[in-house]
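If you count by our numbering, then the sequence shown holds residues 1 to 180, one letter each, in order. So the structure is just underneath, and the comments pick up after that.
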Amino acid sequence: MATMATGERGSIAIARICMEKRDQYLGHNKHNWHKFISMQNYWNLLHREEEREMVPYCRDANIGIIPWSPLARGALARPFDVREGLRNQNDKVLSDLVRGQGSEAVDEMIIRRLEEVAKKCGVSMAVVALAWSLSKQAWPVTGLNSIERINEAISSVTFVLSSEDVAYLEEPYRPKDVSY
1 MATMATGERG SIAIARICME KRDQYLGHNK HNWHKFISMQ NYWNLLHREE
51 EREMVPYCRD ANIGIIPWSP LARGALARPF DVREGLRNQN DKVLSDLVRG
101 QGSEAVDEMI IRRLEEVAKK CGVSMAVVAL AWSLSKQAWP VTGLNSIERI
151 NEAISSVTFV LSSEDVAYLE EPYRPKDVSY
């Protein structure tokens, strides 16, 4: 077992156990239980914390990823300056997950870039944000409360972002605290 400079023992061993013996420690093989087949997580252009640990783990374990709120409760579906309406005033989850993390300047830059890419490609911001999720081999859970939203979700399946556009959208992101 390695000793880290900070005095933390076992970090390397724990990482090895996590990767090599996850099935044993989860117990599904030992007890003949069903394997995990999917994970529902909060993952979108404004919140990418899952990319550090859970996405690589899921990829390695062949676990499907089904992100909830791929449009960040609508923040990725409209320009940054459009904040009128009751939801923006009263939605505690919106303020906690999206706007209450001390990252408003970075989020604004991401949303403005998203708007720019959408205009350049002639599609809605929602189509671009959903296409980003799909480009990550994730299968997002979307709220479809109108024909327009259904059509955007359908369009996102065939709309393909260029690797340059993906990089442009992702570049401003900075790590955030996990708040859920």
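Yeah, the Cβ is synthetic: ideal placement off N, Cα and C, and Gly gets one too.
Please tell me whether Arg48 has its Cβ less than 7 Å away from any Cβ of chain B.
No chain B appears in this structure, which consists of one protein chain only.
Can the beta-carbon of Leu45 be found less than 7 Å from the beta-carbon of Ile147?
no
Would you tell me roughly how many angstroms separate the C-alpha atoms of Pro175 and Asp107, rounded to the nearest one?
11 Å
Pull up the distance between the alpha-carbon of Met54 and that of Ala72, whole angstroms please.
19 Å
Beta-bridge pairing of His34 - partner residues as DSSP gives them:
DSSP output for His34 lists no bridge partner at all.
Hey, which unbroken runs of the alpha helix (DSSP H) at 4 residues or more fall wholly within the stretch 50 to 80?
54 to 60
Met125 versus His34, Gly74, Gly143, Ala61, residue with shortest Cα-Cα distance
Gly74
Who does Val157 pair with in a DSSP beta bridge?
None, per the DSSP bridge assignment.
At the level of alpha carbons, what is the spacing between Glu8 and Arg52?
Since pLDDT at Glu8 reaches only 46, below the 50 mark, its modelled position is unreliable, and no value is offered.
Under 8 Å Cβ to Cβ from Leu144, same chain only, skipping five residues before and after it: list those, please.
Ile150, Ala153
Where does Val141 sit, in a helix, a strand or coil, going by DSSP?
strand
What residues are listed by DSSP as bridge partners for Tyr42?
Trp68
C-beta atoms of Pro67 and Ala138 nearer than 7 Å
yes
First through last residue of the alpha helix (DSSP H) which encompasses Ser146
Segment: none, Ser146 is in no alpha helix (DSSP H) and carries neither H nor E.
Pop quiz: Glu115 and Pro70 are said to be a contact at Cβ under 8 Å. What is the actual Cβ separation, rounded to whole angstroms?
Glu115 to Pro70, Cβ: 16 Å. No contact.
Would you kindly work out how many angstroms separate the C-alpha atoms of Leu169 and Arg113, rounded to a whole number?
6 Å
Over what stretch of residues does the alpha helix (DSSP H) that includes Tyr173 continue unbroken?
No alpha helix (DSSP H) holds Tyr173; DSSP gives it neither H nor E.
Is Asn244 near Glu49, with beta carbons less than 7 Å apart?
Lying before the first or after the last residue shown, residue 244 is absent from the chain, which here runs from 1 to 180.
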